[in-house]
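S.K.: Okay, here's the structure, questions in a sec.
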Amino acid sequence: MTYESFAYWYDLLMSEAPYDEWKAFVERKIRQYGRTGTKRLLDVGCGTGELAVRLAKDGFSVTGVDLSENMLAVAQEKAERERVHVEFFQQDMAELEGFSPFDVAIIFCDSLNYLPTEADVQQTFRCIYELLQEDGLLLFDVHSIYKMDHIFQGSTFADNDESVSYIWQCEPLETPHTVAHELTFFVQTEDGRYERYDESHIQRTFAQQQYEKWLVDAGFTVLEVSADFTDASPHETSERLFFVAKK
């Protein structure tokens, strides 16, 4: 799955996304687990670079990877505009290779949920394990099963902005805990007309215990699992699960 037309409007449509909370989570866990000397950070599924640029401004040496060429083009423009150095590469997260070891790797904004198979998730964990320094940290979040099955499935979301409007429909698929996000958005052109774009994105999630098993199988030690940007353990209606694992 790659973002096409959507890449150029992603930031506007995601203007309320909690990037500062993700950044705070990264910095808090680095301090908590004694990685205060951390410099080299890999942002997997970096999208338009919003989080990568924020972390680079805070002094991290950031490398961003994403599957979407269009997303990376936006990210590069953003880094140059903000006058920070971030290296961006187009790679599949399940096939990461060619990098020097990192202190920390992150996968946020439910990027891991775009992997379609169990094998893809397992291979991603193995790839990241190989790219981390000894005692390096992997931090990531995923949608919970509750969110996928009870909040997304069958729901419709919409927003009417001055320049971009969208209709977002979530349809359940046969594969358990899997949703097709059908996006239709309307973009105002310079002459006042609106152009329509349609995109389809599929997300899948797994049980917390399954992610933990795959991390251990890849060689990681699971340090903690929390929920919804807090340090509290997940409960049955938690929407977003956060994992911290150590090589």
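In our numbering, the protein residues as written are 917 to 1163.
Backbone N, C-alpha and C define an ideal beta-carbon position, used for all residues, glycine too.
Assign T1040 to one of two classes, buried (16 or more other C-beta atoms within 10 Å of its C-beta) or exposed (fewer than that).
M.R.: By 1-based counting over the sequence shown, the position of residue 1040 is 124. So T1040 counts as buried.
S.K.: So, for T1153: in the same chain, excluding its five sequence neighbours on each side, which residues have a beta-carbon less than 6 Å away from its beta-carbon?
M.R.: Against the sequence shown, residue 1153 aligns to sequence position 237. Same-chain partners within the cutoff: Y1062.
S.K.: Helix, strand or coil for S1027 per DSSP?
M.R.: Walking along the sequence shown from the start, residue 1027 turns up at place 111. If DSSP states are grouped into helix, strand and coil, S1027 belongs with the helices.
S.K.: Determine, using beta carbons only, whether L1012 and C1043 come nearer to each other than 7 Å.
M.R.: Counted from its first residue, the sequence shown places residue 1012 at position 96. Counted from its first residue, the sequence shown places residue 1043 at position 127. A contact, by the Cβ cut-off of 7 Å.
S.K.: Once DSSP output is grouped into helix, strand and coil, what is the label at L1157?
M.R.: Working through the sequence shown from its first residue, we reach residue 1157 at position 241. In the structure shown, L1157 sits in a strand (DSSP, three-state: E or B).
S.K.: Please list the terminal residues of the continuous beta strand (DSSP E) segment that includes R951.
M.R.: Along the sequence shown, read from residue 1 onward, the residue named residue 951 stands at position 35. Neither: R951 is in no beta strand (DSSP E) and is coded neither H nor E.
S.K.: Which same chain residues end up closer than 8 Å to T1105 when comparing Cβ atoms and leaving out the 5 residues on each side of it in sequence?
M.R.: For the purposes of this step, residue 1105 is identified with residue 189 of the sequence shown, where counting begins at 1. Excluding residues within five positions, the ones whose Cβ falls inside 8 Å are E1111.
S.K.: With a threshold of 6 Å on Cβ separation, who are the neighbours of H1059 within its own chain once the five nearest residues in sequence on each side are excluded?
M.R.: As a working mapping, residue 1059 is identified with position 143 in the sequence shown. Contacts found: D1026, N1029, T1121.
S.K.: Measuring straight from C-alpha to C-alpha, what distance separates Y919 and E1115?
M.R.: Translated into the one-based positions of the sequence shown, residue 919 becomes position 3. Translated into the one-based positions of the sequence shown, residue 1115 becomes position 199. Its pLDDT being 45, under 50, Y919 is placed unreliably in this model, and the coordinates cannot settle the point.
S.K.: Count the other CB atoms, across all protein chains shown, that sit within 10 Å of the CB of V1132; report buried if there are 16 or more and exposed otherwise.
M.R.: Your numbering for residue 1132 matches position 216 in the sequence shown. Exposed: under 16 other Cβ atoms inside 10 Å.
S.K.: Go through its chain and collect everything with a Cβ distance to F1158's Cβ below 6 Å, but skip five positions before and after it.
M.R.: Within the sequence shown, numbered from 1, the residue matching residue 1158 stands at position 242. Contacts found: D1057, S1142.
S.K.: Do L958 and F1004 count as a contact pair if the criterion is CB distance below 7 Å?
M.R.: As a first step, residue 1004 must be located in the sequence shown, where it is residue number 88. As a first step, residue 958 must be located in the sequence shown, where it is residue number 42. Not a contact, by the Cβ cut-off of 7 Å.
S.K.: Taking the alpha-carbon positions, what's the D1075 to L1099 distance?
M.R.: Counting from one through the sequence shown, the residue named residue 1075 turns up at place 159. Counting from one through the sequence shown, the residue named residue 1099 turns up at place 183. Computed Cα separation, rounded: 12 Å.
S.K.: So, helix, strand or coil for Q1041, using DSSP?
M.R.: The count along the sequence shown starts at 1 and reaches residue 1041 at position 125. Checking the sequence, you will find Phe at residue 1041 rather than Gln. Residue state, collapsed to three classes: helix.
S.K.: Using only the alpha-carbon positions, how far apart do R956 and T1137 sit?
M.R.: Mapped onto the sequence shown, residue 956 falls at position 40. Mapped onto the sequence shown, residue 1137 falls at position 221. Looking at the two C-alpha atoms, the distance is approximately 20 Å.
S.K.: When you compare each of A1123, C1086, L1054, F1073 to A1134 by their alpha carbons, which one comes out closest?
M.R.: Residue mapping note: residue 1134 aligns to position 218 of the sequence shown, counting from 1. Nearest option by C-alpha distance: L1054.
S.K.: Would you grab the beta carbon distance between W938 and L967 for me? Rounded to a whole angstrom, and I think it's under 8 Å.
M.R.: Numbered from 1 along the sequence shown, position 22 holds the residue referred to as residue 938. Numbered from 1 along the sequence shown, position 51 holds the residue referred to as residue 967. That belief holds up - the Cβ atoms of W938 and L967 are roughly 6 Å apart, short of 8 Å.
S.K.: Excluding the five sequence neighbours on either side, which residues of its own chain have a C-beta within less than 6 Å of the C-beta of T954, listed in chain order?
M.R.: Reading the sequence shown from its first residue, position 38 is the one you call residue 954. I946, D1019, V1020, listed in sequence order.
S.K.: Please list the segments of the alpha helix (DSSP H) lying wholly inside the stretch 981-1028, counting only runs of 4 or more residues, in order along the chain.
M.R.: Listed in chain order, they are 985-998.
S.K.: Roughly how many angstroms lie between the CA atoms of W1130 and H1001, to the nearest whole one?
M.R.: For the purposes of this step, residue 1130 is taken as residue 214 along the sequence shown, with counting starting at 1. For the purposes of this step, residue 1001 is taken as residue 85 along the sequence shown, with counting starting at 1. Answer to the nearest angstrom: the Cα atoms are 33 Å apart.
S.K.: Please state whether DSSP places R1112 in a helix, a strand or coil.
M.R.: As a working note, residue 1112 is residue 196 in the sequence shown. R1112 falls in the strand class under three-state DSSP.
S.K.: In chain order, what residues of the same chain have a beta carbon less than 8 Å from the beta carbon of P934, not counting five sequence neighbours either side?
M.R.: Position 18 of the sequence shown, counted from the start, is the residue given in the question as residue 934. The residues are F1145.
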